[in-house]
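Visitor: In my numbering, the protein residues as written are 1319 to 1998. Backbone N, C-alpha and C define an ideal beta-carbon position, used for all residues, glycine too.
1) Suppose you measure from the CA of residue 1638 to the CA of residue 1630; what does that come to, to the nearest Å?
2) Following the continuous alpha helix (DSSP H) through residue 1728, name the residue where it begins and the one where it ends.
3) Do the segment 1423 to 1437 and the segment 1390 to 1399 meet, that is, are 3 or more Cβ pairs less than 8 Å apart?
4) Relative to the alpha-carbon of residue 1658, which residue among 1913, 1679 and 1493 has its alpha-carbon at the smallest distance?
5) If we ignore side chains and look at the alpha-carbon of each, how far apart do residue 1615 and residue 1514 end up?
6) With contact counted as at least three CB pairs below 8 Å, one residue from each stretch, are the segment 1835 to 1850 and the segment 1772 to 1788 in contact?
7) Using the beta-carbon count (16 or more within 10 Å), is residue 1937 buried or exposed?
8) If we call anything under 8 Å between Cβ atoms a contact, is residue 1660 one with residue 1689?
9) Mapping DSSP to helix, strand and coil, what is residue 1424?
10) So is residue 1787 buried or exposed if we call it buried at 16+ other beta carbons inside 10 Å?
11) According to the Cβ coordinates, are residue 1884 and residue 1828 closer than 8 Å?
12) Using DSSP with H/G/I as helix, E/B as strand and the rest coil, what is residue 1963?
13) Alpha carbon to alpha carbon, what distance is there between residue 1599 and residue 1591?
14) Count the other C-beta atoms from every protein chain shown that fall within 10 angstroms of the C-beta of residue 1945, then say buried if there are 16 or more, exposed otherwise.
15) How big is the Cα-Cα spacing for residue 1697 and residue 1752?
16) Can you find the residues in the same chain that come closer than 8 Å, C-beta to C-beta, to residue 1328, ignoring five residues on each side of it along the sequence?
17) Tell me where the alpha helix (DSSP H) around residue 1879 begins and ends.
18) Is it true that the CB of residue 1758 sits closer than 8 Å to the CB of residue 1718?
19) Pick helix, strand or coil for residue 1594, following the three-state DSSP scheme.
20) Any chance you could list the beta strand (DSSP E) runs of at least 3 consecutive residues sitting entirely within the segment 1759 to 1816, in chain order?
21) In the DSSP output, which residue or residues are listed as bridge partners for residue 1832?
22) Is there contact here, the segment 1643 to 1652 with the segment 1663 to 1682, by at least three beta-carbon pairs under 8 Å?
23) Rank 1416, 1589 and 1607 by C-alpha distance to the C-alpha of residue 1627 and give the top, closest one.
24) To the nearest whole angstrom, what separates the beta carbons of residue 1472 and residue 1414, a pair I think is in contact under 8 Å?
25) Identify the residues that DSSP records as bridge partners of residue 1676: which are they?
26) Taking the alpha carbon of residue 1864 as the point to measure from, which residue in 1881, 1823 and 1839 has its own alpha carbon closest?
27) Determine the extent of the alpha helix (DSSP H) in which residue 1491 is found, giving its start and end residues.
28) Can you have a look at residue 1750 and say buried or exposed, based on whether 16 or more other CB atoms are within 10 angstroms of its CB?
29) So what's residue 1381 in DSSP terms, helix, strand or just coil?
30) Helix or strand or just coil, what does DSSP make of residue 1649?
31) How many Å lie between residue 1840 and residue 1907 at the Cα?
32) Once you ignore the five residues that flank residue 1585 on each side, which residues in its own chain have a CB closer than 8 Å to its CB?
33) Identify which residue in 1922, 1804 and 1879 has its Cα closest to the Cα of residue 1816.
34) When DSSP labels each residue in this structure, what does residue 1604 get in the three-state scheme?
35) Thinking C-alpha only, which one of 1882, 1869, 1872 and 1867 is nearest residue 1857?
36) Between residue 1383 and residue 1398, what straight-line distance do the alpha-carbon atoms span, to the nearest angstrom?
What follows is the structure, given as structure tokens:
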């Protein structure tokens, strides 16, 4: 026998031994499992025992745990149910699961372990993914998520028992669907029990199928509050009553229903708590509402709150208002506050004979104006005896959204006090109306005119309108300030002049002026006035011999310039004016009154006289040089003529004279002779 054969024999023996030992251990373990089952009081002859015995060791342990827990809580269970629970990995704590079933089983024998297992599976699926167990952690250690799931199973069991005890009649399918939608079943049960204690029997399924968890809580709370206040009707009763033709019964019956709250929350995203509180306030104030549900859907939470508050306020003042009128004309927010306050004020002012709610509503709709100011205007007319001057129809005619009708009637009162008499420029009611219709307010204008006239300014309604229309001033008071307050202005582009001493000077001038209200648009402005100032200053400064004198006397010279311009009897004509207007006439048409002229400095330039004298000396010098050159040229010409004559006469030329001429000419050769210069 060779070595290879021996090795094969050894390997075979070891394999057989391993199989034998394994079978021994397994059979021993299974025998132990059978013994444990028997010890728990269960028979191994059960047809499902063999299937349980064939499970993995961990599942067998869970199977035994199921049998033990059910025995502890005296719950009967068959092997098939126990096997299914043992194999369900989504049930992480067997004891708590069986305990949860025990809680339910005490009050509901029809609820099976299979039903609870489905609940546990849904709760597990809804939970976040279970975190992996930490390395080295015990197999019994559970993540926080597992604990939450187990707690939810127990919570569900307690909630189910509570709803059975309270006879809520919530079906298993309803509960299963609720938790499948990841909603808190315990909250549903708590709310249902609370509602039942208040005498409400709620059909949950329509709400559960259509409303989220938060909405369900809000709606049930609202229903409980409405029922306690006596303003809740079930849907069937509401449908029956709302079909009647008796309007009084309809008013009494218009209350909160489950469907109304559901639609407000789901379809119109309304605050059902706020809505219910408003309805309770209306009920407590014995305010019967008769608008339709469609009206409610169209109103926002703010507007509905506002509507109820205003209707209560009106009712407390003895005024009955149909809310449908407000809704029909889309009156909301601040408009509604104003409208209700106006009708209350009208009654308080004793104007009920002239005004009612329908008239105020018509005024608001047709004019778009402030109804409160309309009411105040009527009161003002009555108290100030203006009924012959302006009436209710006039107010309606004058009213516009951007206009303040109360402003107009106050202005009418002042206009009656400022009626023009002979020779006066007063204010008539026709002027008031015209100004109001154009600008939307007139009282401020009249007050400004009074202020201007008190200050001695000429201002009337026509000019005031022009000022406002121009937009040049933000208000009439700003224009009046322009005419009353002096301002210092720098004269631009001052002319440069030359005084008699020949020195060039440029004056620096500022003037003090004040506006003339009557010429605010008709008169000429600072540009032309500046040119006139320049002209007068040039005329004055040119008359002085010495610029040093001018520097020492700037103040008196400035005063003389001012006097020159403002002199009333001066008749110096302005040639540029086609009418040949005098200086005093120019003053009359200037938009500014000249109060002061100040030549505050001089800019000294060149001495023109010295420059001219220097240039004259240069010219005279050049003239002398030119004359000398001309004389020399003439002398040379005369000499040449004389020499030519000597040749003709046969006389020898005088070369000394010629030499002198050459010297004068500073030339090396004799003039036009061709001979070299020689010594005499």
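Guide: In this structure, then:
1) Cα to Cα, residue 1638 sits roughly 9 Å from residue 1630.
2) 1723 to 1735
3) Touching, yes, given that three or more Cβ pairs across the two stretches are closer than 8 Å.
4) 1679
5) 28 Å
6) yes
7) exposed
8) yes
9) coil
10) exposed
11) It is not a contact, given that the beta carbons lie outside the stated cut-off.
12) helix
13) Per the coordinates, the alpha-carbon of residue 1591 lies some 12 Å from the alpha-carbon of residue 1599.
14) Result: exposed.
15) 23 Å
16) none
17) 1872 to 1884
18) yes
19) helix
20) 1805 to 1808
21) 1911
22) yes
23) 1607
24) 6 Å
25) Beta-bridge pairing links residue 1676 to no other residue.
26) 1823
27) 1490 to 1498
28) buried
29) Correct three-state label for residue 1381: helix.
30) coil
31) 8 Å
32) 1615
33) 1922
34) coil
35) Nearest option by C-alpha distance: 1882.
36) 14 Å
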